[in-house]
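Engineer:
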Amino acid sequence: MMKIQYYMLQNKAFCIFFLTMITSCNLKTPLFTEIDPLKSGIDFINVVEDNEKVNILDYLYFYNGGGVAAGDINNDGLIDLFFVSNLEENKLYLNKGDFKFHDISEKAKIKGKSSWNTGVSMVDINNDGWLDIYVCSVVGIHGFVGHNELYINQQDGTFKEQASSYGLAIQNYSTSSAFFDYDKDGDLDMYLLNHGIHNTSNFFGVERRDSYNEMSSDKFYKNENGQFIDVTMETNLFGGEVGYGLAVCINDINSDGWDDIYVSNDFFEDDYLYINQKNGSFKEQSHKYLSQTSQFSMGNDISDINHDGLVDIITLDMLPEDEKVLKNSLGEINYNSLVRRKSLGYNYQFPRNHLQINTGVDKFFEIGLFSGISATDWSWAPVFADFDNDGYKDLVISNGIYRRPNDADYIKYVSSEQIRTKINNTRLVDNLALEKMPRGDVSNYFFKGNKDLLFDNVSDVWVNQKPGLSNGVVSADLDNDGDQDLVFNNFNSSATVLKNNSNNNNFLKIELIGDDKNHFGIGTKIYAYANNGKLFYEQLHTTRGFLSSFPHEINIGLGQSKLDSLLIVWPDKKEQHLYEFPQNNMLLLDYKNATTALTKPHSKKSQLFTKHYFNKLSHLNTEKSFPEFNREKLMPYGVTQEGSPIAVADVNNDGKDDVFFGASKGIAASLFISSKNNFTKSSRTLFESEKQYEDVDAIFRDIDNDGDLDLFIVSGGGEYQGNSKYSRDRVYLNDGEGSFSKNTEVLPQYYHNGSVVVSDDFDNDGDEDFFVGSRSVTNSFGKMPESYLLVNENGRLTIDSDQPLSDCGMVTDALLFDFDNDNDKDLIVVSEWSEVKAYINNNGTFVNYTKNIFSDTPKGLWQSVEIFDIDKDGINEIVVGNVGLNSKFSASDLNPLKMYVFDFDENGQTESIVAVAKEDNYYTIDSKDKLQSQMPELIRKKFNSYNDISGKTVSDIFGYSILNKADLHLVNELQSGYFKMIDNKYKFFPFPSEFQWGPISNIKKLLIRGIPHIIITGSKSDLPPYQGLWISQKGFLIESLDKYSQLHENGLEIIHKELTDIETMTINKRSFLMTGISNEKIEFYNYNKTE
5 MMKIQYYMLQ
15 NKAFCIFFLT
25 MITSCNLKTP
35 LFTEIDPLKS
45 GIDFINVVED
55 NEKVNILDYL
65 YFYNGGGVAA
75 GDINNDGLID
85 LFFVSNLEEN
95 KLYLNKGDFK
105 FHDISEKAKI
115 KGKSSWNTGV
125 SMVDINNDGW
135 LDIYVCSVVG
145 IHGFVGHNEL
155 YINQQDGTFK
165 EQASSYGLAI
175 QNYSTSSAFF
185 DYDKDGDLDM
195 YLLNHGIHNT
205 SNFFGVERRD
215 SYNEMSSDKF
225 YKNENGQFID
235 VTMETNLFGG
245 EVGYGLAVCI
255 NDINSDGWDD
265 IYVSNDFFED
275 DYLYINQKNG
285 SFKEQSHKYL
295 SQTSQFSMGN
305 DISDINHDGL
315 VDIITLDMLP
325 EDEKVLKNSL
335 GEINYNSLVR
345 RKSLGYNYQF
355 PRNHLQINTG
365 VDKFFEIGLF
375 SGISATDWSW
385 APVFADFDND
395 GYKDLVISNG
405 IYRRPNDADY
415 IKYVSSEQIR
425 TKINNTRLVD
435 NLALEKMPRG
445 DVSNYFFKGN
455 KDLLFDNVSD
465 VWVNQKPGLS
475 NGVVSADLDN
485 DGDQDLVFNN
495 FNSSATVLKN
505 NSNNNNFLKI
515 ELIGDDKNHF
525 GIGTKIYAYA
535 NNGKLFYEQL
545 HTTRGFLSSF
555 PHEINIGLGQ
565 SKLDSLLIVW
575 PDKKEQHLYE
585 FPQNNMLLLD
595 YKNATTALTK
605 PHSKKSQLFT
615 KHYFNKLSHL
625 NTEKSFPEFN
635 REKLMPYGVT
645 QEGSPIAVAD
655 VNNDGKDDVF
665 FGASKGIAAS
675 LFISSKNNFT
685 KSSRTLFESE
695 KQYEDVDAIF
705 RDIDNDGDLD
715 LFIVSGGGEY
725 QGNSKYSRDR
735 VYLNDGEGSF
745 SKNTEVLPQY
755 YHNGSVVVSD
765 DFDNDGDEDF
775 FVGSRSVTNS
785 FGKMPESYLL
795 VNENGRLTID
805 SDQPLSDCGM
815 VTDALLFDFD
825 NDNDKDLIVV
835 SEWSEVKAYI
845 NNNGTFVNYT
855 KNIFSDTPKG
865 LWQSVEIFDI
875 DKDGINEIVV
885 GNVGLNSKFS
895 ASDLNPLKMY
905 VFDFDENGQT
915 ESIVAVAKED
925 NYYTIDSKDK
935 LQSQMPELIR
945 KKFNSYNDIS
955 GKTVSDIFGY
965 SILNKADLHL
975 VNELQSGYFK
985 MIDNKYKFFP
995 FPSEFQWGPI
1005 SNIKKLLIRG
1015 IPHIIITGSK
1025 SDLPPYQGLW
1035 ISQKGFLIES
1045 LDKYSQLHEN
1055 GLEIIHKELT
1065 DIETMTINKR
1075 SFLMTGISNE
1085 KIEFYNYNKT
1095 E
């Protein structure tokens, strides 16, 4: 057995006993206690005051603050602290134990000589086993002089500045640095994060990324025998003219054994995700991996937060939680700008915190809204760590800005030509302008993590704090008791040190001794396996958060779990396997005990679905964007990109499935007739002449009762309105051999924005009748459309208006099911802003039986429905798709989501005002600018400034008398789930939380090896920028509630894609799944291959 060294933490048993007793006596004891500066001896203050030479009007990052570094600089086993001062002297404090620190800045000679300092890294740059300090500076603008400074540890409590000797005396607009071994030569190289200059001339397309700028370009320096050589061009980094780098983090993001780089960029530029190409270069692949990012990306952190061995990413922005601050801040991009940015080559960006969950297939799901961490105001540094050691990562976010430059009334004031000139010239300070910029003191956020990735805001529970201004922050075990303490570098106030009081859970601390080129083992991976099957994964990197450097150690909270083994993977892929080691201690691991890799590479799992190509079966599922948010600016979501349908039937009676792909405006529908192993396109001329229609659903049924299958197509898409011919459904009659002709006499004359059609012989007279659902009233979102029951009379369909089916609401899906077991088909209809409805069929007459069938009738934004025995008890459940919990909507029985529909400004056009509850008050989801764009006279007349409307409830804005006149629609359930029969009535049960990351708009039943399954998936991108994208639904293949898997694990490639329809077909006894992806060709997957 390998020899390892153990360092027992002092008095550990006594500490656990003592703190356990405290906890049992006083459950309200905060997790963190602030240490008074008089006790700690840490008297550092980052003093930054506006002055005539430079201020935020000249330098937009004037209030960004400084970093903090934590590391044991004298190798005494205690973590010491270094604080960066922007304008004054940096300070270094030696940890003397018991939260007492000694200022050794003068002796250590680390105060610095540069004018403006930013980030800091502690790194053993010369591999002597002693940590050195590298401080970044901004040089060359606003009179800032100096260079990045490297302090080499002299091993006697002093340092010597030697940046020039190492090639690191860089004079750029530097933000931060990260040291890691990018080329696997054993030594540490450096990524230098710089930032661009804010100039309106930089707002161009992505080609400006290749315009190299010596001062603002990020740089890469290769370590060549202790000399750092600029290899920026060779590494393939972007040029940097438009890069506004605020944070950089290193990790093996795609788990290929090579470290990658994540860069947070401010403003319009995308975040950069540089994937290591293993040849000395990187490839920027953020668009491939990420569906969307923060818009004004600040700090970031990378950590495995869901115990799957894959690292996840958080980026911060500055979306306020407080309603008054929110409505008084600018930042949300408008719809037209979003479209334009996308056309210029930028990724989707939205101004809120983003939490990206790694799938392991080079894609991330974004779930910041679902997790409850999206809005934390002007946020700088995120820190993932298990602060209470319960086995789940928690999150701390530093917050606050001295003055808010995005205050809407301030921006309105400085928009005058005179003030704009002063800002652009960066010469004069206008004290009036600065006074108009309000303070931005905000409390730091503390979130407790759990197994469902739902973070609880415990900011008022875990710590006693006041609003303030915190920038850089690190977590570190300052007192060696096994939990993570916190240190904040504050702006214009004393640094904060928080002692962690949690010691009653298991933990493991690990320190590493690497090889002679990487003494502290940077880049080493730890896989800790618990006896309950739980995996704890960490990789050692120290540049994290914002401007800061973390200790060279790994801390793992275990809760009540106990570890049974450790796998240590060193940067050169050598390994250690440990099976016996004490816990609740420090474990020191030495590279010299590593062996060559023992772990076998994972064999690729055989996938259920394999992609298949038909030579002559091809259809481009085009979905053109329509500017519906310009037509109705207050729509909470779009209805014009519902996607083209797929319909399958044997239309020529040859025993083989044929396929119809519906039209999208400007793109003709296609009908393919199967023959042996391929397909032939049919009725080409007919469908080409009909391509201005937008098809949303289609079914093959024998409408004229002549023994063959005709085609019924529902028209919709929301682009056409009124009595447009393109708002009419169509019927195409079959000649019996698979050729179709349009018949305008079959259907009655009705116009709608349709959604769904289902068919059966409802009145039992021997022919097919139809229910056609309507999605919305075009150009009047929120008005309830009319749906139609079409009764077949000798091949002609007539509207049966004497039925309750006309008033089904904003219908999204429907299906047939015999609820009352009387051998005729009843109807389930799902719609938005409504409950799921059930209609019993009594000889062709439908009766609303919803209250008789359901014990509870939650109102949702229901998207889809299917009948399936999901709990395998022999009784079918009603599976229903909703929009999920990863949106800015919130809804409950106590505080439902509300939509008021009324002509508020009396101009003949109805508006839909959607309101959400915050602290029992209701506020519009829309900003003043958005409300005013739709109702200019009403809003402008009542609210002259942003401050006038900020913090106002929906009743404050419109008045109770007007709201009482409006149609009010409610939603109290946003989760997808199923209705289960209990005591002869259906009761709703939500799916597990991982199903709620996005909408479920498609549910498809299929047999896999003879066993019934359903596929559920969904996404939505036609949304106002307020919402972002609803594109993080994992997608599942479900056999039962206890047996399901993600679609990508089974071979379906639909992550980040907008799935519009899904169907199955059988060709020569082979089963195929078809997926309609917006703006991509239809894809085919073979399954049941063993049958």
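Counting from 5, one number per residue, gives the positions in the sequence shown under this note's numbering. Don't be surprised by glycine CBs; every beta carbon is placed ideally from N, CA and C.
1. Considering only residues of the same chain and omitting the five flanking positions on each side of Ile162, which have a CB-CB separation below 7 Å?
2. Drop a sphere of 10 angstroms on the beta-carbon of Thr546, count the other beta-carbons inside from all chains shown, and report buried for 16 or more, exposed for fewer.
3. Of all the options Phe391, Leu457 and Ile514, which has the alpha carbon lying nearest to the alpha carbon of Trp1101?
4. Is it buried or exposed for Ile879, if we count other Cβ within 10 angstroms and need 16 for buried?
5. For Leu277, which residues in the same chain have their Cβ closer than 6 Å to its Cβ, ignoring the five residues on either side in sequence?
6. Out of Asp662, Leu135 and Ser1075, point me to the one whose CA is closest to Arg1013's CA.
7. By alpha-carbon positions, which one of Gly561, Phe105, Asp107 and Asn94 ends up nearest to Lys115?
8. In terms of DSSP beta bridges, what is Gly777 paired with?
9. Taking only the alpha-carbon atoms, compute the straight-line gap between Glu694 and Asp733 and give it to the nearest angstrom.
10. Determine the contact status of Phe683 and Phe1088, defining contact as a CB-CB distance below 8 Å.
11. Among the candidates Ser868, Gly247 and Asp706, whose CA atom is the shortest distance from the CA of Tyr1121?
12. Quick one: what's His106 bridged to in DSSP?
13. May I have the straight-line CA-CA distance separating Phe87 from Gly472, to the nearest angstrom?
14. Between Leu567 and chain B, is there a C-beta pair that is closer than 8 Å?
15. At the level of alpha carbons, what is the spacing between Tyr224 and Asn493?
16. Can you name, in chain order, every residue of its own chain whose Cβ lies under 6 Å from the Cβ of Tyr950, other than the five neighbours on each side?
17. What does a CB cutoff of less than 7 Å around Phe1096 pick up in its chain, not counting 5 residues either side in sequence?
18. Name, in chain order, the residues that DSSP records as bridge partners for Met126.
19. In whole angstroms, what is the alpha-carbon distance linking Asp764 and Ser301?
20. Classify Arg779: buried if its beta carbon has 16 or more other beta carbons within 10 angstroms, exposed otherwise.
21. At which residues does the alpha helix (DSSP H) containing Ser290 begin and terminate?
22. Excluding sequence positions up to five away, which residues of its chain have a Cβ less than 6 Å from the Cβ of Asn747?
23. Tell me whether the region 530-548 and the region 571-585 touch, counting them as touching only if at least three CB pairs, one residue from each stretch, are closer than 8 Å.
24. State the Cα-Cα distance for the pair Lys1009 and Glu245, rounded to the nearest angstrom.
25. Tell me the rounded alpha-carbon separation between Leu490 and Gly404.
26. Alpha carbon to alpha carbon, how far is Pro1016 from Ser954? Give it in angstroms, no decimals.
27. Looking only at DSSP bridge pairs, what is Tyr792 linked to?
28. Let me check one thing: in DSSP terms, what residues is Val252 bridge-paired to?
29. Quick one: is Ser28 buried, meaning 16 or more other Cβ sit within 10 Å of its Cβ, or exposed?
30. Applying the 10 Å Cβ sphere with the 16-neighbour rule, what's the burial state of Tyr177?
31. Do you know how far the Cα of Phe744 is from the Cα of Glu870?
32. Mark Asp769 as exposed unless 16 or more other C-beta atoms lie within 10 angstroms of its C-beta, in which case mark it buried.
33. Can you name the start and end residues of the alpha helix (DSSP H) that Pro940 belongs to?
34. Rounded to whole angstroms, what is the Cα-Cα separation between Asn968 and Val958?
35. Out of Glu636, Asp187, Leu314 and Met590, which has the shortest C-alpha to C-alpha gap to Met939?
36. For my contact list, Thr179 and Gly243 are in at a C-beta cut-off of 8 Å; report their separation, rounded to the angstrom.
Structural biologist: Concretely, from the data shown:
1. The question names Ile, but residue 162 is Thr in the sequence shown. Cβ-Cβ distances below 7 Å link Thr162 to Lys111, Ala112 and Lys113 in the same chain, with the five nearest sequence neighbours on each side left out; the list follows chain order.
2. Thr546 should be labelled buried.
3. The structure shown does not extend to residue 1101, since the chain is modelled only from 5 to 1095, so the question has no answer here.
4. If you draw a 10 Å sphere on the C-beta of Ile879, you find fewer than 16 other C-beta atoms in it, and that means exposed.
5. If the five residues before and after Leu277 are omitted, its C-beta is found closer than 6 Å to the C-beta atoms of Tyr266, Gln289, Ser290 and Tyr293, all from its own chain and listed in chain order.
6. Looking from the CA of Arg1013, the closest CA among Asp662, Leu135 and Ser1075 belongs to Ser1075.
7. Of the candidates Gly561, Phe105, Asp107 and Asn94, the one whose C-alpha sits nearest the C-alpha of Lys115 is Asn94.
8. Partner(s): Val760.
9. If I take the Cα positions, the gap works out to 12 Å.
10. Taking the C-beta atoms as reference points, Phe1088 is found no nearer than 8 Å to Phe683.
11. Outside the shown range of the chain (5 to 1095) lies residue 1121, about which nothing can therefore be said.
12. Looking at the DSSP output, His106 shares a beta bridge with Leu98.
13. Looking at the two C-alpha atoms, the distance is approximately 18 Å.
14. The displayed structure is made up of one protein chain only, and chain B is not part of it.
15. Here residue 224 is Phe; the residue named in the question, Tyr, does not match the sequence. Each residue's Cα considered, the two are about 27 Å apart.
16. So the qualifying residues of the chain are Asn332, Ala412, Asp413 and Lys932.
17. Because the chain here runs from 5 to 1095, residue 1096 falls outside it and cannot be looked at.
18. Residue pairing for Met126: DSSP places it in a beta bridge opposite Ile137.
19. Cα-Cα distance, rounded: 54 Å.
20. Under this definition Arg779 is a buried residue.
21. From DSSP, the alpha helix (DSSP H) with Ser290 extends over Ser290 to Tyr293.
22. Excluding positions up to five away in sequence, the list reads Val735 and Leu737.
23. With the cut-off at 8 Å, the region 530-548 and the region 571-585 touch.
24. C-alpha separation (whole angstroms): 52 Å.
25. About 17 Å.
26. So the alpha carbons of these two residues sit roughly 53 Å apart.
27. Tyr792 is bridged to Val776.
28. In DSSP, Val252 forms a bridge with Val267.
29. Only weak support is given to the placement of Ser28: the predicted model assigns it a pLDDT of 36, under 50, and the value that follows is read from those uncertain coordinates. Under this definition Ser28 is an exposed residue.
30. Label assigned to Tyr177: buried.
31. Whole-angstrom Cα-Cα distance: 30 Å.
32. Taking a 10 Å sphere around the C-beta of Asp769, we find fewer than 16 other C-beta atoms and assign the residue as exposed.
33. Looking at the DSSP string, the run of the alpha helix (DSSP H) that includes Pro940 is Pro940 to Lys946.
34. Their backbone Cα atoms lie some 12 Å apart in a straight line.
35. Comparing Cα positions, the closest option is Glu636.
36. About 16 Å separates the two Cβ atoms, so there is no contact after all.
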